[in-house]
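S.K.: The structure's right below; bear with me while I get my questions together.
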DNA sequence: AACATTATTATTCATTTGTATAACAAGGGT
DNA sequence: ACCCTTGTTATACAAATGAATAATAATGTT
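Protein chains in written order, with my numbering: chain A, 13 to 226; chain B, 13 to 226.
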């Protein structure tokens, strides 16, 4: 009547680490940071709890790796979407705005994940470093897009001005993303993206709505 | 050699409840939700852990009360600031923007507190209700201010338009608040508020910077 | 096919946490 | 001055948690 020992397969180190990291993100997103325990992560990953310590010296280190993975994935997706379309600057800018204001970026679970990390970011210097790098990259992307669009429109763009507009554009997107992710029922399909395009147009003095139709 | 029993004072119910609620907020802000335990809260409040259960049937209920207190306090402060100044609509709008983009609203600890609640808001219906009420009130405030400013400028404002602008204005403020609170070192004193005024001006087609100087 | 390595499972341990209960004393009523 | 209510402290407890250690079996090597 002895319970059988669980059968298993040996995986390569990188595979297992990625599996564990992804299971961690899934757990945090679903259960929240508080209820994300090593046992829960292990269940999600389909392994036993002990294995976690074989790859990560502590739960804290695993969470750190998960955050790094999350930031990197987000940045990569955003860049690939913009890079994969028409090189026309205005269209790119419009796509940048729209992508970040539609599913799957706008998503309650995604927001939860992001929020769960915030408090850790504040208290953990290693997490803070990862965050700052990601944020700066994101803002630089926005500035580059604006710069290119201005150039096409033959508009002068001083570095100061560019910085200010990058911050502002980023803020509208973040704010709308926040509202949309937090209160999904408050907006109809596509409304958020439309408001984003209009707002960005007003902020930058460009017509992104026309560009979006191309 | 027996340890002395801790001396204490009896407090009225509402006083104690408020003390416990405030201690809870302080704990969450400082330590994060995960490390906010009933014992830690009790220490912060200067009482022993057992007392908490005398006023709140569970830790969850205490956290809920703390969130309600937090939302109410924020809303009250915002309204009082705007109400306490010149009745000139443009100036009010400018103040609304500036207040929400300066200390003490823009603050890393404040952000932490807010973020800590997010995941709870998602999973707990009671928390979600409190949140939605607060958010709608905030947006309504913004819409009213915009409407008044438009009226002064003799501009027509359709309900749809008003809703859209309210959401957008709210988003810029939220986004800038987020960026400023998360990466305090990235902005110089007053920069955030300036960007906020400029952005709001562009969004609404009003000159809030001039209005701010009055 | 036997072996060695080590990834993985299984078990154990010390702490922590939320909650429950018991003991005590502060302050009001008479 | 005494008692009585109950706010408050102190102790206890079962469950959960991160981590440590022991046991086992999957896979590559020869």
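Each residue gets a CB set at the ideal place from its N, CA and C atoms; glycine is no exception. Since this is a predicted model, take the numbers as computed values, not measurements.
What residues from chain A crowd round residue 182(B), counting only those whose CB sits closer than 8 Å?
M.R.: Under the 8 Å cutoff, chain A gives 187 and 191.
S.K.: Is the Cβ of residue 179(B) closer than 7 Å to any Cβ of chain A?
M.R.: Answer yes: the Cβ-Cβ gap between residue 179(B) and chain A drops below 7 Å somewhere.
S.K.: Tell me the rounded alpha-carbon separation between residue 221(B) and residue 153(B).
M.R.: When rounded, the distance between both Cα atoms is 20 Å.
S.K.: Going by beta-carbon coordinates alone, are residue 35(A) and residue 56(A) separated by less than 7 Å?
M.R.: Their beta carbons are under 7 Å apart, which means residue 35(A) touches residue 56(A) by this criterion.
S.K.: Just by C-beta distance, which residues in the region 41-72 of chain A are closer than 8 Å to chain B?
M.R.: The region 41-72 of chain A vs chain B, Cβ under 8 Å: 44, 45 and 46.
S.K.: Roughly how far, in whole angstroms, is the beta-carbon of residue 64(A) from the beta-carbon of residue 50(A), given that I think they are within contact range, below 8 Å?
M.R.: Confirmed, Cβ separation roughly 5 Å.
S.K.: Short of 6 Å in beta carbon distance, which residues of its chain neighbour residue 198(B), apart from the five on each side in sequence? Order them along the chain.
M.R.: So no residue of the chain qualifies.
S.K.: Buried or exposed: which applies to residue 184(A), given that a residue is buried once 16 or more other Cβ atoms fall within 10 Å of its Cβ?
M.R.: It counts as buried.
S.K.: Could you name the residues of chain A that residue 74(B) contacts, counting a contact when the two beta carbons are closer than 9 Å?
M.R.: Under the 9 Å cutoff, chain A gives no residues; its nearest Cβ is about 15 Å from residue 74(B).
S.K.: Which complete beta strand (DSSP E) runs does the region 39-121 of chain B hold, if anything under 3 residues is left out?
M.R.: Counting only runs of 3 or more, we get nothing.
S.K.: Within 10 angstroms of its Cβ, does residue 98(B) collect 16 or more other Cβ (buried), or is it exposed?
M.R.: Residue 98(B) is exposed by the Cβ-count criterion.
S.K.: In chain A, which residues lie with their C-beta within 8 Å of the C-beta of residue 131(B)?
M.R.: Near residue 131(B) (Cβ distances below 8 Å), the residues of chain A are 44, 45, 46, 124, 127 and 128.
S.K.: Which of the three DSSP states is assigned to residue 20(B) in this structure?
M.R.: DSSP places residue 20(B) in coil when its eight states are reduced to three.
S.K.: Starting from residue 136(A), trace the alpha helix (DSSP H) in both directions and tell me its first and last residue.
M.R.: Where residue 136(A) is concerned, there is no enclosing alpha helix (DSSP H), given that its DSSP letter is neither H nor E.
S.K.: Going by the CB atoms, is the gap between residue 46(A) and residue 46(B) shorter than 7 Å?
M.R.: For residue 46(B) and residue 46(A), yes; Cβs fall inside 7 Å.
S.K.: Suppose you measure from the CA of residue 238(B) to the CA of residue 186(A); what does that come to, to the nearest Å?
M.R.: In the structure as shown, chain B begins at 13 and stops at 226. Residue 238(B) is therefore absent and cannot be evaluated.
S.K.: If contact means a Cβ-Cβ distance below 9 Å, which residues of the region 194-220 of chain A contact chain B?
M.R.: Within the region 194-220 of chain A, the residues whose Cβ lies closer than 9 Å to some Cβ of chain B are 194, 195, 197, 198, 199, 203, 204, 206, 207, 208, 210, 211, 214, 215, 216 and 217, listed in chain order.
S.K.: In whole angstroms, what is the alpha-carbon distance linking residue 207(A) and residue 123(A)?
M.R.: About 19 Å.
S.K.: Can you find a C-beta in chain A that's less than 7 Å from the C-beta of residue 176(B)?
M.R.: True, the Cβ-Cβ gap to chain A drops below 7 Å.
S.K.: Would you mind sorting residue 155(B) into buried or exposed? The rule is 16 or more other CB atoms within 10 Å of its CB.
M.R.: By the 10 Å Cβ count, residue 155(B) comes out buried.
S.K.: For residue 66(A), which of 25(A), 195(A) and 135(A) has the nearest alpha-carbon?
M.R.: Of the listed residues, the one whose Cα sits closest to residue 66(A) is 25(A).
S.K.: Is it right to say residue 70(B) is buried, meaning 16 or more other beta carbons lie within 10 angstroms of its own, or is it exposed?
M.R.: So residue 70(B) ends up on the exposed side.
S.K.: Taking the straight line between their C-alpha atoms, what separation do you get for residue 159(B) and residue 212(B)?
M.R.: Going from the Cα of residue 159(B) to the Cα of residue 212(B) covers about 14 Å.
S.K.: If the criterion is Cβ atoms closer than 7 Å, does the pair residue 192(B) and residue 118(B) meet it?
M.R.: Contact: yes.
S.K.: Which bits of chain A does residue 167(B) rub up against, with CB to CB less than 9 Å?
M.R.: Those do not exist, as residue 167(B) stays about 15 Å from chain A at its closest Cβ, beyond 9 Å.
S.K.: Cβ of residue 223(B) within 7 Å of Cβ of residue 113(B)?
M.R.: Not a contact, by the Cβ cut-off of 7 Å.
S.K.: Below 7 Å between beta carbons: does that hold for residue 77(A) and residue 33(A)?
M.R.: Cβ atoms of residue 77(A) and residue 33(A): closer than 7 Å.
S.K.: Taking any Cβ of chain B, which residues in the region 137-165 of chain A have a Cβ under 7 Å from it, in chain order?
M.R.: Cβ contacts with chain B: 144 and 147.
S.K.: Quick check on residue 148(A): buried or exposed, where buried means 16 or more other Cβ atoms within 10 Å of its Cβ?
M.R.: It is exposed - the Cβ of residue 148(A) has fewer than 16 other Cβ atoms within 10 Å.
S.K.: Count the other CB atoms, across all protein chains shown, that sit within 10 Å of the CB of residue 22(B); report buried if there are 16 or more and exposed otherwise.
M.R.: Residue 22(B) should be labelled exposed.
S.K.: Determine whether the beta carbon atoms of residue 133(B) and residue 141(B) lie at a separation below 7 Å.
M.R.: Going by C-beta atoms, residue 133(B) is not nearer than 7 Å to residue 141(B).
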